[in-house]
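Colleague: Position 350 of the sequence shown, counting from 1, maps to 350 under the working numbering, and the rest follow consecutively. Before I ask anything, let me first share the structure, which is written out below as structure tokens.
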Amino acid sequence: MSSPFHYSQFTKFTIFSVFAGFSFIQNELTTYWLFILLFRQEITLFGLGVIARPLVRVFVSYFMGYISDKYNRAKLFYITRGVAAILLLPLTLAFIYHSIPWIFGVYYIRTIIVELSNNVGYVAYYAVVPEQVRAKAIFYIRIFSMASRVVSGAIWFLIYQSIGAYDLLLTAILGLIGLAMLKGFNIGGGSERVKLTTGIDFFRKDERIRGIILLYSVTDGLTYSINYLLPLLILVYYGTEEIYSLSQTVLYGVLVIASFIMTKMKDPVKIAVTYILSGFLFYMVLVYPSPYVLLISLLLYGFGSGFIENYVMATIKQSVGDEFLGSVLGLDVLVTSSLEILIILLAQYLITINVIYYIILGIAGMVFVLASWLLHPKLREVKL
Numbered sequence: 001m002s003s004p005f006h007y008s009q010f011t012k013f014t015i016f017s018v019f020a021g022f023s024f025i026q027n028e029l030t031t032y033w034l035f036i037l038l039f040r041q042e043i044t045l046f047g048l049g050v051i052a053r054p055l056v057r058v059f060v061s062y063f064m065g066y067i068s069d070k071y072n073r074a075k076l077f078y079i080t081r082g083v084a085a086i087l088l089l090p091l092t093l094a095f096i097y098h099s100i101p102w103i104f105g106v107y108y109i110r111t112i113i114v115e116l117s118n119n120v121g122y123v124a125y126y127a128v129v130p131e132q133v134r135a136k137a138i139f140y141i142r143i144f145s146m147a148s149r150v151v152s153g154a155i156w157f158l159i160y161q162s163i164g165a166y167d168l169l170l171t172a173i174l175g176l177i178g179l180a181m182l183k184g185f186n187i188g189g190g191s192e193r194v195k196l197t198t199g200i201d202f203f204r205k206d207e208r209i210r211g212i213i214l215l216y217s218v219t220d221g222l223t224y225s226i227n228y229l230l231p232l233l234i235l236v237y238y239g240t241e242e243i244y245s246l247s248q249t250v251l252y253g254v255l256v257i258a259s260f261i262m263t264k265m266k267d268p269v270k271i272a273v274t275y276i277l278s279g280f281l282f283y284m285v286l287v288y289p290s291p292y293v294l295l296i297s298l299l300l301y302g303f304g305s306g307f308i309e310n311y312v313m314a315t316i317k318q319s320v321g322d323e324f325l326g327s328v329l330g331l332d333v334l335v336t337s338s339l340e341i342l343i344i345l346l347a348q349y350l351i352t353i354n355v356i357y358y359i360i361l362g363i364a365g366m367v368f369v370l371a372s373w374l375l376h377p378k379l380r381e382v383k384l
């Protein structure tokens with residue numbers, strides 16, 4: 001089997017991912033920590049901040065998936081990434097001067113632009129190499145990307161203590177440097193056959209597409225939401241900033257390990273069962289009242305998310321190919337984000353009453369996931 005590094009587009013995207021991974025963690029941790037510091041007495045405003053990404057995704061992800069198939073993906077990626085980096089300057093100033101209207105205004109505008117960029121990048125992640133080397137490509141890109149995220153998470157506390165909100169400017173600079181590494185990038189797009197209804201049409205007519213969205217997207221929505229709720233959960237479990245920083249090291253470290261396991265697993269039944277089990281355990285460990293169980297939940301989320309990816313993409317690409325990949329992934333993001341919003345809104349309320357209600361909510365959701373998998377037998381026939 002040839003190496004994915006024989007494909008120049010993959011090599012460029014891998015180099016870019018190192019800069020993107022480091023800056024992503026700095027941006028996420030700093031932004032959410034600033035939100036909790038500013039609005040710890042006003043949980044509604046805190047929720048309005050952390051809910052921005054899934055909220056924007058609900059309204060625009062499906063349409064953005066269509067755009068990424070319809071137009072030149074590389075040009076869309078350059079423009080949106082560049083604008084998103086520039087907008088970090090006014091966002092930094094808004095946080096420094098505690099200007100709430102500017103914080104939310106700039107943050108939401110930037111989130112819309114970032115989500116268009118992410119959708120195109122999501123497609124690029126899988127379109128830059130042929131199917132026969134995809135598992136290794138995902139593994140290698142994660143080694144570089146997640147390693148940079150692990151380092152970023154490990155030193156975030158030191159950087160934040162040194163420069164505070166100005167860490168967002170560091171994020172912008174690194175993002176622009178990474179973007180410059182993509183000169184000559186080409187990831188397709190420009191389909192004349194794609195329609196706005198393409199993603200929905202596949203969901204209605206293709207059992208594998210419908211099944212994988214109900215399995216993967218629902219589970220991801222139930223578990224990924226902890227990334228938005230983590231600052232609140234750390235307060236409830238009496239955790240510290242150090243645990244918050246360590247959480248990202250745990251998450252992205254296990255993602256790399258899980259990605260290696262992914263290259264060895266070929267049985268779709270074992271993959272799906274292990275993934276569903278990790279979702280159940282994700283919530284069950286939270287019963288124990290210690291801030292360190294948050295790290296275990298993140299570990300379980302990272303493990304499940306890390307080794308399921310090739311199975312998910314094999315399922316989708318065997319049905320839609322590359323031409324309509326953006327449209328189907330846009331629908332996938334729509335379902336995931338809708339659930340994230342529901343979980344975040346309910347969890348904020350439930351956690352403040354008793355965290356056990358949040359746990360019950362998650363376990364009930366995973367029962368639905370298990371039922372969905374059992375009702376879609378074609379998911380057990382995917383070739384890896």
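Ideal Cβ positions, reconstructed from N, Cα and C, are used throughout, including at glycine.
Among the candidates Tyr-160, Arg-193, Asn-118, Phe-280, whose CA atom is the shortest distance from the CA of Phe-368?
Modeller: Ranking the options by Cα distance to Phe-368, first place goes to Phe-280.
Colleague: By how many angstroms is the C-alpha of Ile-141 removed from the C-alpha of Leu-93?
Modeller: 34 Å
Colleague: Beta-carbon within less than 7 Å of Thr-263's beta-carbon, same chain only, minus the 5 sequence neighbours each way: which residues are those?
Modeller: Ala-135, Lys-136, Phe-139
Colleague: Just the Cα atoms here: how many angstroms apart are Tyr-107 and Phe-24?
Modeller: 15 Å
Colleague: Run the CB neighbour count on Ser-117, radius 10 Å, all protein chains shown included, and call it buried at 16 or more, exposed below.
Modeller: buried
Colleague: Could you check which residue in Ile-113, Ser-217, Pro-101, Ile-103 has the C-alpha nearest to that of Ala-272?
Modeller: Ser-217
Colleague: Where does Asn-118 sit, in a helix, a strand or coil, going by DSSP?
Modeller: helix
Colleague: When you compare only the Cα positions, how much space is there between Phe-260 and Trp-156?
Modeller: C-alpha separation (whole angstroms): 26 Å.
Colleague: Does the distance between the C-beta of Leu-34 and the nearest non-hydrogen atom of the ligand GTP fall short of 7 Å?
Modeller: The ligand GTP is absent from the structure shown, which contains no ligands of any kind.
Colleague: For Gly-304 versus Ser-337, is the C-beta spacing smaller than 8 Å?
Modeller: no
Colleague: What's the gap between the Cα of Met-146 and the Cα of Thr-249?
Modeller: For Met-146 and Thr-249, the distance between alpha carbons rounds to 9 Å.
Colleague: Output the distance between the C-alpha atoms of Arg-81 and Asn-27, rounded to the nearest integer angstrom.
Modeller: 14 Å
Colleague: What do you reckon, are the CB atoms on Thr-315 and Leu-374 nearer than 8 Å?
Modeller: no
Colleague: When the Cα atoms are used, what is the spatial distance from Leu-298 to Ile-226?
Modeller: 8 Å
Colleague: Going by beta-carbon coordinates alone, are Gly-239 and Leu-169 separated by less than 8 Å?
Modeller: Judged by beta-carbon spacing, Leu-169 lies beyond the 8 Å limit of Gly-239, meaning their Cβ atoms are not closer than that value.
Colleague: Excluding sequence positions up to five away, which residues of its chain have a Cβ less than 7 Å from the Cβ of Ser-148?
Modeller: Only Val-18, Gly-21, Phe-22 meet the Cβ criterion.
Colleague: Quick one: what's got a C-beta closer than 6 Å to Glu-340's C-beta in the same chain, skipping five residues either side?
Modeller: Pro-54, Gly-221, Ser-225
Colleague: For Tyr-97, is the classification buried or exposed, using 16 other Cβ atoms within 10 angstroms of its Cβ as the cut-off for buried?
Modeller: exposed
Colleague: Give me the Cα-Cα distance between Asp-167 and Gly-178, rounded to the nearest whole angstrom.
Modeller: 17 Å
Colleague: Does the Cβ-Cβ distance between Ala-258 and Gly-306 come in under 8 Å?
Modeller: yes
Colleague: Could you give the DSSP three-state label for Asn-310: helix, strand or coil?
Modeller: helix
Colleague: Would you mind listing the alpha helix (DSSP H) stretches within the segment 120-174 that are 4+ residues and don't spill past its ends, in chain order?
Modeller: 134-163
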